[in-house]
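S.K.: Below is the structure I would like to discuss, written out as C-alpha cells.
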Amino acid sequence: MRFDQLNASVNGLTEGLRIHVDRDSIATINTRPPATSDDEVGFLRLTTWSYALLFEAGRTSFGLLLAVAPINGNDLALDKHKATLVAVQQLRTWLHHNLGFDSDRELSIRRSVSEWFLSSCGATTPTSRDHWKSCFTRLCTDVEELVSYCLDVLSSIMRSTEDREQVLGTWRLRLQRDWGAHRFDQLVTDSAARLGVQLNARAFRERRLSDWKHYLESIPESEDPTPRMERLIDSEVFDHQRAALPLGATDLMRELDLSPGPAVKVALECARAGFDSGITNAAALVSFVKERMQAPAEPSGRN
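Each residue of the sequence shown is one higher than the one before, starting from 48 at the first, in this note's numbering.
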C-alpha cells in the first residue's frame, strides 16, 4: 500500500462527509505527509499524519462511524479498525515522547509498540530500510482499510431511508459541540477581559480542557451551550484570580520587617482579607496590612 492510495481514500471519505453531513465534519490536514516509505522519517511522518486524521481533523466523525453497528455483521472487521486507532495513538506517543520504564502505563505502551513492530517487520525495533518499509506498508494499509470501512458505513447510513435523518441530525449536533481548544481559549480571554484579570489563556485552559469538554457534552441538546460555558469559565477565572494573592509570605516579611513566626501568618490573613475586599495591587495591599497590624486590638469584653 502506497501513501497516495491512502490519501485517495481519505479524499473520497472527506468529500462524502462534507456533502452529506456537514462542511466541518472533517477538517483539512495540515501536517506534512511522508515523502519516503523506507526510512524512519517517512514512518514518523505517516504516523503523525494518521494521528492528525483520526484524532484531530476527523475525531468526531471517525468516532461516530466506528460506533455504528458493524455493517454486514462483521464484528471482527470493526474490532480490527478500532485496534488500528489504538495502534496509531500508541505509535505517535512512542515516537514523540520520552517514555520511560518506571510507569506501568509507559511500559505498556512500549510493549504494545514493540509487539506491533514485531508483527509488522519481524523485529522488536526497526533498524533497516526493509524493516521501516514493512512497517510503513502495514500502517498505510491498516489506516486505508479503516477509512474505506468508514466510507462503507457512511454509504450504508445514506441508503437507510428510515434512520438517515435522525443519524445525520445527531451527527451534526455532535459536530457543533466538538469545540476546538482555540474556542475555549477565546472564552477564557473574553472572561479575563471582563474581570480585569491578566492570565495566559492557553495555560489556563490546558489542565481544564477535558472537564470542560465533558461539561459541554452534558448540556441539553435543545440549549445553546455558549452562555453556559461562558458562566462556567467566568466562575473559574474568578476563582483563579481570587486564589492568587499578588504577594506572598516572603514579600510581607521584607516589606513589614517581620521574622518567621506567628506574625507572618497574621500578615497573610490580613492580606487575604484585603484581597477579598477588592485590593488587588501589591503595594496597596502592603499598606492595608500595615494599617491592620498597627491598629490597636479591640477589647475582648467589659469587666
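Even glycine gets a Cβ: it sits at the ideal position worked out from N, Cα and C.
Helix or strand or just coil, what does DSSP make of Pro80?
M.R.: The residue given as residue 80 occupies position 33 in the sequence shown. Residue state, collapsed to three classes: coil.
S.K.: May I ask you to report which of helix, strand or coil DSSP gives Phe148?
M.R.: Here the question's residue 148 lines up with position 101 in the sequence shown. Coil.
S.K.: Here's the rule I'm using: 16 or more other beta-carbon atoms within 10 Å means buried, otherwise exposed. How should Phe243 be labelled?
M.R.: Stepping through the sequence shown from its first residue, residue 243 is reached at position 196. Per the sequence shown, the amino acid found at residue 243 is Gly instead of Phe. When all chains shown are included, Gly243 counts as exposed.
S.K.: Taking the runs of the alpha helix (DSSP H) that are 4 residues or longer, which of them lie wholly in the segment 110 to 158?
M.R.: Segments of the alpha helix (DSSP H) lying fully in the segment 110 to 158: 122 to 143.
S.K.: According to DSSP, is Ile66 part of a helix, a strand, or is it coil?
M.R.: As a working note, residue 66 is residue 19 in the sequence shown. Helix at Ile66.
S.K.: Nearest-angstrom Cα distance between Ser282 and Pro272?
M.R.: By one-based count along the sequence shown, residue 282 stands at place 235. By one-based count along the sequence shown, residue 272 stands at place 225. Near 16 Å, if we compare the C-alpha coordinates of Pro272 and Ser282.
S.K.: Among the candidates Arg241, Asp189, Ser269, whose CA atom is the shortest distance from the CA of Leu220?
M.R.: As a working mapping, residue 220 is identified with position 173 in the sequence shown. Checked all of Arg241, Asp189, Ser269; the closest Cα to Leu220 is Ser269.
S.K.: Here's the rule: buried if 16 or more other CB atoms are within 10 angstroms of the residue's CB, otherwise exposed. What is Ala342?
M.R.: As a first step, residue 342 must be located in the sequence shown, where it is residue number 295. Counting Cβ neighbours within 10 Å, Ala342 comes out exposed, since fewer than 16 surround it.
S.K.: Just to confirm, are Thr94 and Leu132 a CB contact at a threshold of 8 Å?
M.R.: For the purposes of this step, residue 94 is taken as residue 47 along the sequence shown, with counting starting at 1. For the purposes of this step, residue 132 is taken as residue 85 along the sequence shown, with counting starting at 1. No. Outside cutoff.
S.K.: Measure the Cβ-Cβ separation of Thr107 and Asp225 and say whether it is below 8 Å.
M.R.: Position 60 of the sequence shown holds residue 107. Position 178 of the sequence shown holds residue 225. Yes.
S.K.: With DSSP as the reference, label Asn54 as helix, strand or coil.
M.R.: Position 7 of the sequence shown, counted from the start, is the residue given in the question as residue 54. Asn54 falls in the helix class under three-state DSSP.
S.K.: If the criterion is Cβ atoms closer than 8 Å, does the pair Met276 and Leu263 meet it?
M.R.: Indexing the sequence shown from 1 puts residue 276 at position 229. Indexing the sequence shown from 1 puts residue 263 at position 216. Going by C-beta atoms, Met276 is nearer than 8 Å to Leu263.
S.K.: Could you name the residues of the same chain whose beta carbon sits closer than 7 Å to that of Arg211, not counting the 5 residues immediately before and after it, in chain order?
M.R.: One-based indexing of the sequence shown puts residue 211 at position 164. Taken in chain order, the residues that qualify are Ile204, Met205.
S.K.: Does the beta-carbon distance from Phe335 to Gly325 come in below 8 Å?
M.R.: Start at 1 with the first residue of the sequence shown, and residue 335 comes out as number 288. Start at 1 with the first residue of the sequence shown, and residue 325 comes out as number 278. No. Outside cutoff.
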